[in-house]
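Asks: Using this note's numbering, the first residue of the sequence shown is number 80, and each one after it goes up by one.
Backbone N, C-alpha and C fix where the C-beta goes; we use that ideal spot for every residue, glycine too.
Because the structure is a prediction, the values reported are computed rather than measured.
My questions will all concern the structure given below.
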Amino acid sequence: MTKDTPSAGQSQLAARFDRLRIRHLRFLELVDAHGSLSGAASELALTQPAATKMLQEVESVFGTQLVARTTRGAALTPAGKHALMRLRVALNALSAAMEEINAAPAAPIVRLGILPLVGVVALPKLFAKLAERPDAPRLVVHESTVDGLLGMLDRGELDCVIGRVSSSVELNLTSEMSVTPLWEERLAIACALDHQIGRKRKLAFADLCDCDWVTAPRGTHTRSLFEAPFLAAGIVPPQPKVESFSFHTNLCMVANSRLVTIAPESAVRHYARLGMVQQVRHDAWFAEGRTLFVTRNDTAFSPGVVAISNALVQLTGL
C-alpha cells in the first residue's frame, strides 16, 4: 500500500460520510434547539416517522447514540453534543460559502470579529488599506467581548478575530487557532473638559480613590488592568459608581458628568480630538494590553483572511 492509498478504516469512514446530507446536520442542531424530535421535524417539514428514521440514519453514520429520548422530549447525549460542536463548524462554513458565491459582484467574504476599540481607529485604517486591493474582501463585522468572539470563532461563525490578551483568552485559545501579535496599548484616564482632576499636574492614588468612576465590570480584562496598580500598592481599588462594558458609553457619560473612566489610550485620544473629554496626566501605572489577530487554522490561508492579515501587518509595521 502506498503512502497515499487510503486504509480500509479510512475507506469505511468515507463511505459512512457519504451517507450524510445537509438535512442530517441541521436535524441534530434543531433537536438540540427544540429539545424534541417533533420540533426538529416541524422545521424540516418531516413527519414523526420520517424524523425518527433521520435520527437513525445520523446515528448509524456516527456509530453511536446521539439523542436520548426523555419524558420531556429529547436531549443530546455527550456524544451528540460533541458531534454537534463539530457539525456547527461545517454548517457555518457552508452558510459562508453560499453567501460568498451569491455575492454580486463575487468577492471573498470574511466574517471578522472585533472589539469595540478596534472599530474606533484600527478598522477604518484596515478598510482603507484593503480598499487599495482590486480583490478586496467584503467584510461582515461582528462586535463582542473577547470571550464571545473566540466562542464564535471556535464554532466557525467567524473566520478571524482582532482581540486582546487576557488569562481567559489564553484559556479559550485552542490548537485549531493561529495567533499573530499586533500591537500593545496602555489604558488612559479620561474626564470631562472642566473636571478638576484634569488640571492636576501630578496624581496620586489618593486622588483617584476620591473620584467617582465608571469602569468595565469585574471579571473583564480592562477591570483587572485598572485594579492591578492599586492592589500592588496595597490600596483597595475604587468602587465604581457605574459599571459598563462599552468604553464608548463610558466616555460619553464622562463627557457629561463628574465621573472619571479608564479606556484604551487610542479611544481616549479619539474622544479628546472630538472635544468631548480630556486625558488625565498620570504615571504609567497601568500595564499594556496586547492585541492579537486570531484565525481558525482551516481558514487562515483563505484569500480574504490572508489579505486582512497582510494589511494588519503593514499597519502595525510588523
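For S121, report the span of its alpha helix (DSSP H) as first-last.
Replies: Run containing S121: L116 to E122, per the alpha helix (DSSP H) assignment.
Asks: Let me know the secondary structure DSSP gives L261 once reduced to three states.
Replies: strand
Asks: Report the CB separation of P382 from D214 in whole angstroms; it is logged as a contact under 8 Å.
Replies: 7 Å
Asks: If you pair each beta-carbon of the region 185 to 196 with each one of the region 356 to 365, do three or more pairs fall below 8 Å?
Replies: No, because fewer than three Cβ pairs between the region 185 to 196 and the region 356 to 365 fall closer than 8 Å, the two stretches do not touch.
Asks: Going by beta-carbon coordinates alone, are T395 and W292 separated by less than 8 Å?
Replies: no
Asks: Using the Cβ count rule (16 or more neighbours within 10 Å means buried), how would you classify E236?
Replies: buried
Asks: So the beta strand (DSSP E) T149 belongs to, where does it begin and stop?
Replies: For T149, the enclosing beta strand (DSSP E) starts and ends at V146 to T149.
Asks: Would you mind sorting G242 into buried or exposed? The rule is 16 or more other CB atoms within 10 Å of its CB.
Replies: Buried is the call here.
Asks: Any contact between the region 271 to 280 and the region 296 to 310? By contact I mean 3 or more CB pairs, one from each, below 8 Å.
Replies: Result no; under three Cβ-Cβ pairs closer than 8 Å.
Asks: For the pair the region 226 to 235 and the region 310 to 319, tell me if three or more CB-CB distances fall below 8 Å.
Replies: Counting Cβ pairs under 8 Å, fewer than three are found: no touch.
Asks: Roughly how many whole angstroms lie between the Cα atoms of A267 and L330?
Replies: 11 Å
Asks: Nearest-angstrom Cα distance between P308 and Q135?
Replies: 59 Å
Asks: Check the C-beta distance from F106 over to L123 and give it rounded, since I have them as a contact under 8 Å.
Replies: 6 Å
Asks: Given this structure, state the Cα-to-Cα distance separating V356 from A334, to the nearest angstrom.
Replies: So the alpha carbons of these two residues sit roughly 5 Å apart.
Asks: If you follow the beta strand (DSSP E) that E222 is part of, which residue opens it and which one closes it?
Replies: R217 to E222
Asks: Using only CA atoms, which one of T143, L155 and L99 lies nearest to A119?
Replies: L155
Asks: Taking the alpha helix (DSSP H) that L229 falls in, what are its first and last residues?
Replies: V225 to D233
Asks: Have a look at the DSSP bridge pairing and note the partners of V189.
Replies: In the DSSP output, where bridge partners are listed per residue, V189 has L218.
Asks: What residues match up with R375 in a beta bridge as DSSP calls it?
Replies: M256
Asks: Please return the same chain residues whose Cβ sits closer than 7 Å to the Cβ of E178, not counting the five positions on each side in sequence.
Replies: I188
Asks: In chain order, what residues of the same chain have a beta carbon less than 7 Å from the beta carbon of F372, not counting five sequence neighbours either side?
Replies: C239, I241, T259, L261, S388 and L391
Asks: With a CB to CB cut of under 7 Å and the five nearest residues on each side skipped, what residues in its chain are close to T294?
Replies: R302, F305, P319, E322, T340 and I341
Asks: Between P203 and L209, is the Cβ-Cβ spacing less than 8 Å?
Replies: no
Asks: Below 8 Å on the Cβ atoms is my guess for S345 versus V225; work out the distance and round it to an integer in Å.
Replies: Their Cβ separation, rounded to whole angstroms, is 17 Å, which puts S345 and V225 out of contact at 8 Å.
Asks: Apart from the five residues on each side of it in sequence, which residues of its chain come closer than 8 Å, Cβ to Cβ, to P157?
Replies: none
Asks: Between the alpha carbons of H327 and R352, how many angstroms are there, rounded?
Replies: 14 Å
Asks: To the nearest angstrom, how far is it from the Cα of S427 to the Cα of R337?
Replies: Because the chain spans 80 through 397 in this model, residue 427 falls outside it and cannot be assessed.
Asks: Would G159 be called buried (16 or more neighbouring beta carbons within 10 Å of its own) or exposed?
Replies: buried
Asks: Determine the extent of the alpha helix (DSSP H) in which L104 is found, giving its start and end residues.
Replies: I101 to H113
Asks: Only counting the same chain, and skipping five residues up and downstream in sequence, which positions put a Cβ closer than 7 Å to that of K82?
Replies: Low per-residue confidence applies at K82: pLDDT is 49, beneath 50, and the placement is therefore not dependable enough to give any value.
Asks: Rank L218, G230 and G152 by C-alpha distance to the C-alpha of A175 and give the top, closest one.
Replies: Of the candidates L218, G230 and G152, the one whose C-alpha sits nearest the C-alpha of A175 is L218.
Asks: For the alpha helix (DSSP H) containing C239, list its first residue and its last residue.
Replies: No alpha helix (DSSP H) contains C239, which is instead part of the beta strand (DSSP E) from C239 to R243.
Asks: Mind checking which residues open and close the beta strand (DSSP E) that includes C270?
Replies: Start and end: L266 to A271.
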